[in-house]
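The structure appears right after this line, and notes come after that.
Number of protein chains: 2
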Amino acid sequence: MLNNYNSEDKVLLAVDCIIFGFDKEGLKVLLVKRDFEPEKGKWSLIGGFLKKEENLDQAAIRILHHLTGLNNIYMEQLYAFSKVDRDPAERTISVAYYALIDIASHSRNLIRMNAAQWHNLSSAPKLIFDHDQMVSKAIARLERRAVSKPIGFELLPEKFTMKQLQRLYEAILNKKLDKRNFISKVNSLDILIKLDEKDMTVSRKGAYLFKFDKEKYDLKIEDGFNFKI
Amino acid sequence: MLNNYNSEDKVLLAVDCIIFGFDKEGLKVLLVKRDFEPEKGKWSLIGGFLKKEENLDQAAIRILHHLTGLNNIYMEQLYAFSKVDRDPAERTISVAYYALIDIASHSRNLIRMNAAQWHNLSSAPKLIFDHDQMVSKAIARLERRAVSKPIGFELLPEKFTMKQLQRLYEAILNKKLDKRNFISKVNSLDILIKLDEKDMTVSRKGAYLFKFDKEKYDLKIEDGFNFKI
DNA sequence: TTTTAAAAGTGTTATTTATACACTATCAAA
DNA sequence: TTTGATAGTGTATAAATAACACTTTTAAAA
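If you read the sequences in order, they're chains V and L. Number 230 marks the last residue of the first sequence (the working numbering); no jumps. Number 230 marks the last residue of the second sequence (the working numbering); no jumps.
Listed below in structure tokens is the structure:
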């Protein structure tokens with residue numbers, strides 16, 4: 002006999018994606034109106050079911066793409082949620098994934114598909130099942146992650162101002178940061194390239210644009226950043 | 002129709018427990034010889050399958066108790082492992098849990114059951130499936146966790162010496178710590194009670210015993226420890 | 001043309017935290 | 001009484017973090 006697993010219970014395995022977005026208004030989360038029962042028409046995370054021939058990472062990518070058109074988003078596994086009655090229709094365990102993306106540079110896809118919508122974190126509607134709990138846990142993880150890696154760089158447009166970067170961190174950490182301390186901390190990491198170009202859309206003076214020095218970043222990532230701000 | 006989940010794939014959901022133990026020799030991991038196919042007779046983590054009527058935390062507790070006799074162990078969820086062919090017998094996703102316990106204070110149960118054995122981390126045998134990968138991930142998590150919470154206190158006998166506490170941290174972080182710096186760091190946290198009692202078993206001079214001040218600990222945990230050593 | 005308003009840019013000091021480092025005390029056993 | 005093994009203790013330096021305010025720029029308005 003190859004195995005004696007036959008008497009074991011099988012369950013549905015869902016994957017739910019918590020996609021945080023960042024733009025000038027702050028942190029947002031991407032939600033869809035569920036188009037099947039149960040809870041049809043209610044707001045939900047982007048979710049679907051694992052198929053036998055894929056792993057969880059692949060399922061997350063497929064589901065996200067299918068419901069939003071988003072591609073090439075790196076998601077990180079968050080947690081497996083398994084309360085017995087979390088889905089009233091059937092015993093389902095859900096593995097949550099999360100990612101943080103720059104809204105502006107992905108909006109075209111989202112608009113085209115028109116299935117998903119951004120909601121401010123503070124004013125998001127109540128979600129189905131345990132999805133609110135998933136979002137809370139993802140926020141907590143994001144905060145912790147933000148201080149150990151310069152997570153923000155992957156979420157901004159290619160060229161960005163210091164102010165934008167600071168706003169991103171303020172949004173993630175949910176507190177005001179001192180401009181001077183923030184800039185000197187970022188500069189001490191030595192992973193930004195200051196461009197000869199200014200963003201003139203916000204102020205009369207204009208703010209220098211920066212881009213992210215991928216090589217230096219990759220070198221540093223090995224021995225671990227300290228990005229405590 | 003209550004739901005349209007009918008066409009979705011169902012899978013087996015395993016739970017594997019990585020139990021780290023600590024005694025004077027250092028960090029160990031608890032392993033069992035697998036007594037069913039596939040891979041019968043090979044070393045494995047403590048594992049089993051989720052049942053429909055329980056959640057993952059409950060499954061982990063049940064499985065651990067069933068295979069080792071261990072009770073009242075707080076385990077934390079680590080990660081869901083989902084490579085398609087990770088178990089050659091059947092499509093199985095495994096959610097790993099981990100815990101860290103004091104070997105001495107739990108050894109009676111383990112000896113009685115005699116199913117599980119402690120192995121030094123450095124000399125553990127090769128494990129089945131992706132279990133080695135699970136152990137590596139758990140070690141990495143333990144290290145990170147050790148600096149954000151004084152994790153060690155829950156793993157020592159009720160009364161312990163500073164030396165024991167330091168040894169525990171040295172084992173988790175896998176590096177030597179300076180005695181004076183360690184003690185002053187621990188003292189600055191103000192969560193230990195120094196007892197009027199000495200451990201005379203190790204030295205002629207004897208070392209003062211301490212215990213853990215649960216109340217102060219709980220107060221501190223709210224605004225987060227900084228236990229970076 | 002001058003004034004104004006709004007954001008950009010820039011350094012220093014004080015405080016806290018982390019690190020490096022070595023000698024004395026105790027006491028049972030030899 | 002000597003010895004050996006472990007317990008216990010403090011200081012100085014370096015590094016990181018936190019607190020803090022004024023000047024510059026420039027387009028638009030007066």
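Ideal Cβ placement from N, Cα and C applies to all residues, glycine included.
Rounded to the nearest whole angstrom, the C-alpha separation of Ala139 of chain L and Ile19 of chain L is 7 Å. Rounded to whole angstroms, the separation of the alpha carbons of Leu157 of chain V and Met201 of chain V is 17 Å. Interface flag for Asn175 of chain V against chain L is unset, since no Cβ pair is found closer than 9 Å. Neighbours of Tyr6 of chain V in chain L, taken as residues whose beta carbon is under 8 Å from its own, are Leu13, Phe50, Ala90, Glu91 and Thr93 in chain order. The DSSP-derived three-state label of Asp214 of chain V is coil.
About 5 Å separates the beta carbon of Phe37 of chain V from that of Asn5 of chain L, a gap short enough to meet the 8 Å contact definition. Take the alpha-carbon of Leu46 of chain V and the one of His120 of chain V: they are about 11 Å apart. Collapsing the DSSP output to three states places Leu156 of chain V in a helix. Between Phe161 of chain L and Leu101 of chain L, the gap from beta carbon to beta carbon reaches 9 Å or more. By the C-beta density criterion, Lys215 of chain L is exposed, having fewer than 16 other C-beta atoms within 10 angstroms.
With the rule of 3 Cβ pairs closer than 8 Å, the stretch 142-154 of chain V does not count as touching the stretch 54-62 of chain V.
The way I'd put it, the stretch 17-35 of chain L doesn't touch the stretch 13-33 of chain V; fewer than three beta-carbon pairs between them come closer than 8 Å. Under the three-state reduction of DSSP, Tyr99 of chain L is assigned to strand. For Glu26 of chain V, no alpha helix (DSSP H) segment is defined, and its DSSP state is neither H nor E. The alpha-carbon of Asp219 of chain V is positioned some 39 Å away from that of Ile192 of chain L. According to DSSP, residue pairing for Phe161 of chain L in a beta bridge involves L:Phe211.
Annotated three-state conformation of Asp17 of chain L is strand, per DSSP.
Nearest to Phe23 of chain V by alpha-carbon distance, out of V:Asp88, V:Val85, V:Ala105 and V:Ser95, is V:Ala105. Under the three-state reduction of DSSP, Val203 of chain L is assigned to coil, being neither helix nor strand.
With a cutoff of 9 Å on beta-carbon distance, Ala125 of chain L and Val136 of chain L are scored as near each other.
Going by C-alpha positions, Arg168 of chain L is about 41 Å away from His132 of chain V.
Around the CB of Gly225 of chain V, fewer than 16 other CB atoms lie within 10 Å, so the residue is classed as exposed. In the structure shown, the three-state DSSP call for Val12 of chain L is strand. According to the DSSP secondary-structure assignment, Tyr80 of chain L is paired through a beta bridge with L:Ala97. Here His107 of chain L has Leu71 as same chain residues with Cβ atoms under 7 Å from its own Cβ, once five neighbours each way along the sequence are excluded. Shortest Cα-Cα distance from Asp179 of chain L to any of L:Lys164, L:Leu190 and L:Pro89 involves L:Lys164. For Ile74 of chain L and Ile62 of chain L, the gap between their C-alpha atoms comes out near 8 Å. Here Phe130 of chain L is near Glu40 of chain L, since their CB atoms are less than 9 Å apart. Beyond the five residues adjoining it in sequence on each side, Lys195 of chain L comes within less than 7 Å, by CB distance, of Tyr209 and Phe211 in the same chain, given in chain order. Using beta-carbon distances, Leu57 of chain V counts as an interface residue toward chain L, with a partner under 9 Å. Relative to Ser185 of chain L, the option among L:Asp197, L:Gly207 and L:Leu166 whose CA is nearest is L:Leu166. Restricting attention to beta strand (DSSP E) runs no shorter than 3 residues, the stretch 171-200 of chain L encloses them at 193-200, ordered along the chain.
According to the DSSP assignment, Ile47 of chain L belongs to the beta strand (DSSP E) that extends over Ile47 to Phe50. Rounded to whole angstroms, His66 of chain L and Lys53 of chain V show a C-alpha spacing of 30 Å. Judged by DSSP in its simplified three-state form, Val85 of chain L adopts coil rather than helix or strand.
By the neighbour-count criterion, in which a residue is buried when 16 or more other Cβ atoms sit within 10 angstroms of its Cβ, Ile222 of chain V is exposed.
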